[in-house]
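Undergrad: Here the numbering used here runs 39 ahead of the position in the sequence shown, where the first position is 1. The C-beta atom is built at its ideal place from N, Cα and C for all residues, glycine as well. Just so we're clear, the structure is a prediction, and the values are computed from it rather than from any experiment.
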Amino acid sequence: MTLGILTSVTKKHSAILLTNLGSPAAPTPVAVKHYLKEFLSDPYVIKTPRWIWLPILHCFILPFRSSKSAALYQKIWTEQGSPLLVNSTALQQALQKKLIDLGYEHRVALAMRYGAPSIENNIRQLQQDEIEEIIILPLYPQFSHTTYTTTEQSVLAWCDKLNYQPKLHWIPTYHRSVGYIRALAQSIRPQYEGTDSVARLLISFHGLPKEYVDAGDPYANECQQTATDLASELNLRPEQWSLAYQSRFGPKQWLNPYTDEVLEAWAREGVAEVTVVCPGFSADCLETLEEINQTYRQIFLQAGGEKYNYVPALNADPAHVELIYELLTPFL
40 MTLGILTSVT KKHSAILLTN LGSPAAPTPV AVKHYLKEFL SDPYVIKTPR
90 WIWLPILHCF ILPFRSSKSA ALYQKIWTEQ GSPLLVNSTA LQQALQKKLI
140 DLGYEHRVAL AMRYGAPSIE NNIRQLQQDE IEEIIILPLY PQFSHTTYTT
190 TEQSVLAWCD KLNYQPKLHW IPTYHRSVGY IRALAQSIRP QYEGTDSVAR
240 LLISFHGLPK EYVDAGDPYA NECQQTATDL ASELNLRPEQ WSLAYQSRFG
290 PKQWLNPYTD EVLEAWAREG VAEVTVVCPG FSADCLETLE EINQTYRQIF
340 LQAGGEKYNY VPALNADPAH VELIYELLTP FL
């Protein structure tokens, strides 16, 4: 698998740009520090005034968090590289193949908001190749200014800086898309095949500081709608599932309940088996492979749980490829 900016197809005048969050270039303290510096310097991600936040970031967080995070990345790193990039590239290539098979001439590009392949390099390449129209799909099913808006602003800023004026089509978030909910349900159902009982389902989303939602970010509402639609598609009763939020850090209050606390409480209440799915992650990454599938698994089992099932992200699953094609179709 080639992890490049663009797939190797002939030059076309229209392109599709898939974007995701990003990953360090290597599971080393130096590479992780570089990645975290870019990520945590984004004012859409950390809204604390710069004069307060930047000294904290450079004097405390980066010197100490980089080594700790690098050790976590080392636990899930593959021979091909970062799982997020490997899985996203597989999705990019599967989508490119589907479009070619259907007779479309659009090329498919992949960019990360932080790290490589960067939005800057993709925009430069598309400009160089005289691409006149770009369909942009940020791979975040639920909208948040911390993900979708910062991606949008980065693309627009680089187009402006390079005096590049292609026609841009932005695919909106798809938290209630029928294809999305069905793909998620399809990925979960195998956990229940051949069993008489249904494991308690925990639907875990990446957390967000509560103050962001209080200020108008619609993220929490869209997470709730996705979870409700998914439970309905699976015909689950209210007591059979719950929603929670993971990956919090810092002293501020984040959206709750917290995934780790829910899992521990369930185990202590006598829940023997759980299934955990993370619908907000389009590709498996550190937060799913290490946090959910390793750290939280141990929390549940050590608290008395007996069986812990993690449902992988949709990654390059055919149902995911079909979903993305359906989202793109009105713009093709």
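Bridge partners of H214, per DSSP?
TA: According to DSSP, which records beta bridges pairwise, H214 is partnered with nothing at all.
Undergrad: Have a look at the DSSP bridge pairing and note the partners of L377.
TA: The chain is shown only over 40 to 371; residue 377 falls outside these bounds and no answer can be derived.
Undergrad: With DSSP run on the structure shown, which of helix, strand or coil describes K346?
TA: strand
Undergrad: Does the stretch 57 to 67 come close enough to the stretch 171 to 183 that 3 or more CB-CB pairs lie under 8 angstroms?
TA: yes
Undergrad: What number of angstroms, rounded off, separates the C-alpha of P66 from the C-alpha of P257?
TA: Each residue's Cα considered, the two are about 33 angstroms apart.
Undergrad: Where S47 and L247 are concerned, what is the direct C-alpha to C-alpha distance, given to the nearest angstrom?
TA: Low per-residue confidence applies at S47: pLDDT is 42, beneath 50, and the placement is therefore not dependable, though the value from the model is reported in the following sentence. If you take the alpha carbons of S47 and L247, they lie about 37 angstroms apart.
Undergrad: Using the rule of at least 16 other Cβ atoms within 10 Å of the residue's Cβ for burial, across every protein chain shown, is E171 buried or exposed?
TA: It counts as exposed.
Undergrad: Have a look at L367, G344, Q225, T327 and flag the residue whose alpha-carbon is nearest the alpha-carbon of L123.
TA: T327
Undergrad: Have a look at I44 and Q167 and give me their C-alpha separation to the nearest angstrom.
TA: For I44, the predicted structure reports a pLDDT of 48, less than 50, and the residue's modelled location is therefore unreliable. A value from the coordinates is still provided. Cα to Cα, I44 sits roughly 13 angstroms from Q167.
Undergrad: Can you look up H52 in the DSSP assignment and give me helix, strand or coil?
TA: It is coil, neither helix nor strand.
Undergrad: Mind reading off the beta-carbon distance from V316 to V360? Whole number of angstroms is fine, and I expect it under 8 angstroms.
TA: Not a contact, Cβ separation roughly 19 angstroms.
Undergrad: Looking only at its own chain, which residues have a Cβ that is under 6 angstroms from the Cβ of K50, when we skip the five neighbours before and after it?
TA: Unreliable positioning characterises K50 in this predicted model, as indicated by a pLDDT of 41, which lies under 50. The coordinate reading is nonetheless provided below. Cβ neighbours of K50 beyond the five flanking positions: D168.
Undergrad: Rounding to the nearest angstrom, what Cα-Cα distance links E19 and E365 in this structure?
TA: Because the chain spans 40 through 371 in this model, residue 19 falls outside it and cannot be assessed.
Undergrad: Leaving out five residues on either side along the sequence, give the residues of the same chain with a beta carbon under 6 angstroms from the beta carbon of A306.
TA: F339, A342, G343, G344
Undergrad: Tell me where the alpha helix (DSSP H) around Q131 begins and ends.
TA: Here the alpha helix (DSSP H) through Q131 covers 122 to 140.
Undergrad: Let me confirm a value: R276 is counted as buried when at least 16 other C-beta atoms fall within 10 Å, else exposed. Which label applies?
TA: exposed
Undergrad: What three-state label does DSSP hand I363 in the structure shown?
TA: Helix, per DSSP.
Undergrad: Taking all protein chains shown into account, decide if E118 is buried (16 or more other Cβ within 10 angstroms of its Cβ) or exposed.
TA: Burial call: exposed.
Undergrad: In chain order, which continuous runs of the beta strand (DSSP E) of length 3 or greater are located wholly inside the stretch 46 to 115?
TA: Counting only runs that start and end inside the stretch 46 to 115, the beta strand (DSSP E) elements of at least 3 residues fall at 53 to 61.
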